[in-house]
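Structure record follows, encoded as structure tokens.
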Amino acid sequence: MFKYLKQLTSLVAMVAVLFTFTTESMAAKKSKTLKNTQKKGFVRCGVSQGLPGFSNADAAGNWTGVDVDVCRAVAAAVLGDANKVKFTPLSAKERFTALTSGEIDILSRNTTWTLSRDADIGLTFVGVNFYDGQGFMVRKSSGITSTSQFKNGISACTNIGTTTELNMRDFFNSRGISYEPVAFEKADEVVAAYDAGRCDTYTTDKSGLAAQRTKMKNPDEHIVLPETISKEPLGPVVRQGDSVWEDIVRWSLNTMIEAEEYGITSANADMMKTSDNPQIKRLVGAEGEMGAAFGLDNEWNLRIIKQVGNYGESYKRNIADTGILPDRGPNELWTKGGILYVPPSR
Amino acid sequence: MNFKLKDIGPQLITVLAVVLVFGFFTYNAQVNMENRGIDFGYGFLSQESSFDVQFSLIEYDGSHSYFRAYLVGLLNTILVSVIGIFLATILGVLVGIARLSPNYLINKFAAFYVEFFRNIPLLLQIFFWYFAALRALPLPQDAEAMFGISFLTIKGLFVPAFIWENFNIFFYSIVAAIVAIIVIRAHAKKVQETQGKQTPVLLISIGLIFILPLLSFLIGGVRLSFEVPVLKQLATTSFIYEGGVSLPPELIALALSLSLYTATFIAECVRAGIQGVGKGQKEAAASIGLTQNQVLKLVVMPQALRIIIPPTTNQYLNLTKNSSLAAAIAYPDLVLVFAGTALMQTGKAIEIVSITMFTYLSLSISISLFMNWYNNKIAITEK
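Heads up: the sequence lines are chains B and R, in that order.
Using my numbering, the letters of the first sequence map in sequence onto residues -4 to 341.
Using my numbering, the letters of the second sequence map in sequence onto residues 622 to 1004.
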């Protein structure tokens, strides 16, 4: 009897080990990126070379911004610590190659979601974390208050390798205005050249204009014109071919937005576990099996909210309180007149 | 048999290794691209580029193809390289000779210039000249006219455009002058060799190159007029010059920094070349009654050039390749336009980078071949 018991326990143990092994690594097996990330112990995230509010490093090398927070959320979900992120600053030109070549695993770098980028170049856009549009900045002293006052021969500074270059052409062409495009590789040089007077106008996404304006010698001398000439939905991007990783990044972002919708913040997330609302309970890992499909535990979303905060907190901390764009505009929840609307976590 | 195998064995292994390494990388790239759903192909070159370029030598806008954009970038690279090589050579030769000057001030000034400019990274110099120029140059409305017709402003150098009538006649007159000079030189050489008589070839040449084009104006019906740039107001404080030709400040800054940097190396080549000719050679030449000019022209320079040309070729190649730093200051060269914007818009990284590499390789090899030909031509032939 005793002999059999011993054999039985070892059998049970073996089966248990086998089961835990299979349940734990089912998704991990499917997702090479997840497995690699957990092995390395950090999330490899591509960000901008410095765009206040979106991804910007301070003097001590700490990255902040709404784009940065997406990567931090993924790190919190996958590794349990929002600080376990390795940031790689990339120029607009380098960003997609860095992602497709496997140098980074998430590209969260104010990148516009377009058909050709999604379909052509081996990328998958997972969502939108900022709804933007292209605008123009001019010097106040020029007396220009609307793009309708632009005349033939105007020179426009911008970045290469962006949708901005294409939109600018569409805009000036459709109005029959001849213009001089002056395109730099790095944003800092664009700002420096425009600030020095090389160009009459500086064009990029309006959030970018607002952020770069803070870097000018005298920000009050410049205004952003009211017209928006394009749709620029900015969001995180992953490599094509790893659907589990894609889902993890998508739902990390969705969790942040939905948490705001249900009033869950970094401060009250733990208390929300005992909420009466099953939707809230699912968002803090107190009901349902919301992590198993990703190969994660059940509190992955709770960690995101606790360590990074909900979308509203991230926006306030990075964009509103820094004076870049105090008004959330379209980036307000759909319940409050904006267009932020994500599918439910259930 | 065995002996032969031993001979070619290592070479065979090397070739095999190279082929295998290339094969591995090609295969690896193919598999990875397939996994990520990236197509490989050069078909995109004929698609519409849909982006504009600031400065172009050929007609181009976004409705042209990516191939045309490639040509625009290539021509801009060639333009800045040619200007750079031209200026660097003149400056380099002057400074190289100045370093040998017995005049203390000239000598030391040249030495200071060489040491200063060749020891600062080129990218920094490009930034310096570009942003220093941008800060220092006046806005279009504040610019003083140079010679009453040209304006150097923060938005570029605006010069009058030449408007020709019967340009082809003028062009033919120059061609005729050049042909005549070549014929006269050959004839003068023959006269010198057979009769020992010298002809004033230089004077005749200068005369021809001026007189023939002048005649084309007087009796050939050639007319030249200028279109002077005119200030135009865009907004209260925003102006631009219209008409004439405009050179962007990016081109000027890039050509300036490239030539200032490369000239230091060329100056050292020139100094080495001249110092490499033995003192006895000059003394011997003087002793057989050659004049100072003849010593330089017939004895020193032919021997010095032999030393100067090969390292100077390297500098020409460096300058051409360094011109790719243009991307930093928005000069639309091959790297900025093609390996930059076009790469971004199409996502064809491997195709575009390979074309760009091949293009630079071809450019460098062309320069190299030309300089080798020139080097062989001036090489001393033992008789």
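Built from N, CA and C at the ideal position, the CB exists for glycine as well.
No experiment lies behind these values; they were computed from the predicted model shown.
Worksheet entry | Option in Ala281(B), Leu328(B), Val337(B) with minimal Cα separation from Trp246(B) | Counted from its first residue, the first sequence places residue 246(B) at position 251. Of the candidates Ala281(B), Leu328(B), Val337(B), the one whose C-alpha sits nearest the C-alpha of Trp246(B) is Val337(B).
Worksheet item: Whose Cβ in chain A lies nearer than 7 angstroms to the Cβ of Asp115(B)?
Response: In the structure shown, chain A cannot be found, because the protein chains are B and R.
Practice prompt. Enumerate in chain order the residues of its own chain whose CB-to-CB distance from Ile172(B) is below 8 angstroms, with the five nearest sequence positions on each side excluded.
Written response: Along the first sequence, read from residue 1 onward, the residue named residue 172(B) stands at position 177. Once the five neighbours on either side are set aside, the close Cβ partners of Ile172(B) are Phe145, Lys146, Asn147, Ile149.
Discussion item. If you reduce the DSSP assignment to three classes, tell me which class Gln144(B) lands in.
Written reply: In the first sequence, residue 144(B) corresponds to position 149, counting from 1. The answer is helix: DSSP assigns Gln144(B) an H, G or I state.
Fill in: Below-7 angstroms beta-carbon distance, Gly138(B) vs any chain R residue
Counting from one through the first sequence, the residue named residue 138(B) turns up at place 143. So, interface residue.
Worksheet item: How is His685(R) classed by DSSP in three states: helix, strand or coil?
Response: In the second sequence, residue 685(R) corresponds to position 64, counting from 1. Coil.
Worksheet item: For the putative contact between Thr199(B) and Asn154(B), defined by C-beta atoms under 8 angstroms, what is the C-beta separation to the nearest angstrom?
Response: The residue labelled residue 199(B) in the question sits at position 204 within the first sequence. The residue labelled residue 154(B) in the question sits at position 159 within the first sequence. Confirmed, about 6 angstroms.
Practice prompt. Sort Leu852(R), Ile830(R), Ile825(R) by Cα distance to Pro761(R) and report the nearest one.
Written response: Numbered from its first residue, the second sequence carries residue 761(R) at position 140. Nearest C-alpha to Pro761(R): Leu852(R).
Worksheet item: Looking at Ile101(B) and Cys152(B), is the spacing between their C-beta atoms short of 7 angstroms?
Response: Taking the first sequence and counting its residues from 1, one reaches residue 152(B) at position 157. Taking the first sequence and counting its residues from 1, one reaches residue 101(B) at position 106. Result no, Cβ atoms of Cys152(B) and Ile101(B) do not sit closer than 7 angstroms.
Worksheet entry | 6 angstroms CB neighbourhood of Leu708(R) in its chain, flanking five on each side removed | Position 87 of the second sequence, counted from the first residue, corresponds to residue 708(R). Closer than 6 angstroms at Cβ, skipping near neighbours: Ser880.
Discussion item. Just to confirm the assignment, what range does the beta strand (DSSP E) spanning Ile861(R) have?
Written reply: Counting from 1 along the second sequence, the entry for residue 861(R) is found at position 240. Note, Ile861(R): beta strand (DSSP E), 859 to 863.
Worksheet entry | At least 3 beta-carbon pairs within less than 8 angstroms: the segment 92 to 100 of chain B vs the segment 39 to 53 of chain B | yes
Discussion item. Is the separation between the beta-carbon of Ile299(B) and that of Thr223(B) shorter than 7 angstroms?
Written reply: Within the first sequence, numbered from 1, the residue matching residue 299(B) stands at position 304. Within the first sequence, numbered from 1, the residue matching residue 223(B) stands at position 228. Cβ distance not < 7 angstroms, so Ile299(B) and Thr223(B) don't count as in contact.
Practice prompt. Could you say which of Lys81(B), Ala264(B), Lys35(B), Asn31(B) lies nearest to Ser50(B) if we only look at CA atoms?
Written response: Working through the first sequence from its first residue, we reach residue 50(B) at position 55. Taking only the C-alpha atoms, the option nearest Ser50(B) is Lys81(B).
Worksheet item: Under 8 angstroms Cβ-Cβ, which residues of chain R neighbour Ser150(B)?
Response: To locate residue 150(B), count along the first sequence from 1; it is residue 155. Going along chain R in sequence order, the residues near Ser150(B) (Cβ under 8 angstroms) are Lys776, Ile861.
Fill in: Interface residues of chain B facing Arg756(R) [CB-CB closer than 8 angstroms]
Working through the second sequence from its first residue, we reach residue 756(R) at position 135. By Cβ distance, chain B contributes Ala191.
Fill in: Neighbourhood of Ile784(R) by C-beta, 8 angstroms cutoff - its chain only, sequence neighbours within 5 removed
By 1-based counting over the second sequence, the position of residue 784(R) is 163. Leu845, Ser846, Phe847, Glu848, listed in sequence order.
Item to complete: Could you tell me if Asn649(R) is buried or exposed, where buried requires 16 or more neighbouring beta carbons within 10 angstroms of its beta carbon?
Response: On the second sequence, residue 649(R) is found 28 positions in, with the first residue counted as 1. Looking at its Cβ environment, which holds fewer than 16 other Cβ atoms inside 10 Å, Asn649(R) is exposed.
Worksheet item: Can you name, in chain order, every residue of its own chain whose Cβ lies under 8 angstroms from the Cβ of Ala1000(R), other than the five neighbours on each side?
Response: Sequence index remark: in the second sequence, residue 1000(R) carries index 379 (1-based). The answer, listed in chain order, is Arg927.
Practice prompt. Would you mind working out which of Ala925(R), Ile861(R), Leu984(R) sits nearest Leu778(R), comparing C-alpha positions?
Written response: The residue given as residue 778(R) occupies position 157 in the second sequence. Of the listed residues, the one whose Cα sits closest to Leu778(R) is Ile861(R).
Discussion item. For Glu184(B) and Leu110(B), I'd like the C-alpha separation in whole angstroms.
Written reply: Within the first sequence, residue 184(B) is the residue found at index 189, counting from 1. Within the first sequence, residue 110(B) is the residue found at index 115, counting from 1. About 29 angstroms.
Worksheet item: Does any C-beta atom of chain B lie closer than 7 angstroms to the C-beta of Ile659(R)?
Response: The residue labelled residue 659(R) in the question sits at position 38 within the second sequence. Chain B contact via Cβ: present.
Discussion item. List, from N- to C-terminal side, the beta strand (DSSP E) runs of 3 residues or more that fit wholly inside the segment 85 to 134 of chain B.
Written reply: Here the runs fully enclosed are 118 to 120, 125 to 127, 129 to 134.
Practice prompt. Name the two residues that bound the continuous beta strand (DSSP E) containing Lys853(R).
Written response: Residue 853(R) sits at position 232 when you count from the first residue of the second sequence. Its beta strand (DSSP E) spans residues 851 to 856.
Fill in: Asp237(B) versus Ile971(R) - alpha carbon distance
Within the first sequence, residue 237(B) is the residue found at index 242, counting from 1. Within the second sequence, residue 971(R) is the residue found at index 350, counting from 1. One Cα belongs to Asp237(B), the other to Ile971(R), and the distance between them is close to 22 angstroms.
Practice prompt. Compare the C-alpha of Val956(R) against each of Ala178(B), Pro321(B), Glu256(B) and name the closest.
Written response: Locating residue 956(R) in the second sequence gives position 335, counting from the first residue. If you compare the alpha carbons of Ala178(B), Pro321(B), Glu256(B) with that of Val956(R), the shortest gap goes to Ala178(B).
Worksheet entry | Ile704(R) vs Ala876(R) beta-carbon contact at 7 angstroms | As a first step, residue 704(R) must be located in the second sequence, where it is residue number 83. As a first step, residue 876(R) must be located in the second sequence, where it is residue number 255. Closer than 7 angstroms, so yes.
Fill in: 6 angstroms Cβ shell around Gly841(R) - same chain, five flanking residues per side excluded
In the second sequence, residue 841(R) corresponds to position 220, counting from 1. For Gly841(R), where only same-chain residues beyond five positions count, the Cβ hits under 6 angstroms are Ile790.
Practice prompt. Taking only the alpha-carbon atoms, compute the straight-line gap between Phe788(R) and Pro834(R) and give it to the nearest angstrom.
Written response: As a first step, residue 788(R) is located in the second sequence; it is residue number 167 there, counting from the start. As a first step, residue 834(R) is located in the second sequence; it is residue number 213 there, counting from the start. In this structure, the alpha-carbon of Phe788(R) lies about 11 angstroms from that of Pro834(R).
Fill in: Bridge partner(s) assigned by DSSP for Thr153(B)
The sequence position of residue 153(B) within the first sequence is 158, counting from 1. Paired residues: Ala178(B).
Practice prompt. Measuring only between beta-carbons, confirm whether Thr17(B) sits less than 7 angstroms from chain R.
Written response: Numbered from 1 along the first sequence, position 22 holds the residue referred to as residue 17(B). Residue confidence is low: Thr17(B) scores 48 on pLDDT, short of 50, so the model does not pin down where it sits. Its coordinate-derived value is still stated next. Answer no: the Cβ-Cβ gap between Thr17(B) and chain R never drops below 7 angstroms.
Item to complete: Compare the Cα-Cα distances from Val61(B) to each of Ile252(B), Phe289(B), Lys268(B), Asn293(B) and report the closest residue.
Response: By one-based count along the first sequence, residue 61(B) stands at place 66. Of the candidates Ile252(B), Phe289(B), Lys268(B), Asn293(B), the one whose C-alpha sits nearest the C-alpha of Val61(B) is Ile252(B).
Worksheet item: Is the shortest distance between the beta-carbon of Met(-4)(B) and the beta-carbons of chain R less than 7 angstroms?
Response: Numbered from its first residue, the first sequence carries residue -4(B) at position 1. The pLDDT assigned to Met(-4)(B) is 49, lower than 50, so where the model puts this residue is not dependable, and the model offers no usable value.
Worksheet entry | For Pro834(R), the first and last residue of its enclosing alpha helix (DSSP H) | Along the second sequence, read from residue 1 onward, the residue named residue 834(R) stands at position 213. First-last of the alpha helix (DSSP H) with Pro834(R): 822 to 839.
Discussion item. List, in chain order, every chain B residue whose beta-carbon is nearer than 9 angstroms to that of Lys853(R).
Written reply: For the purposes of this step, residue 853(R) is taken as residue 232 along the second sequence, with counting starting at 1. Those within 9 angstroms of Lys853(R) in chain B are Lys146, Asn147, Gly148.
Discussion item. What would DSSP say about Asp169(B), mapped onto helix, strand or coil?
Written reply: Along the first sequence, one-based indexing puts residue 169(B) at 174. Just to set this straight, residue 169(B) is Ser in the shown sequence, not Asp. In this structure, Ser169(B) counts as helix in the three-state DSSP scheme.
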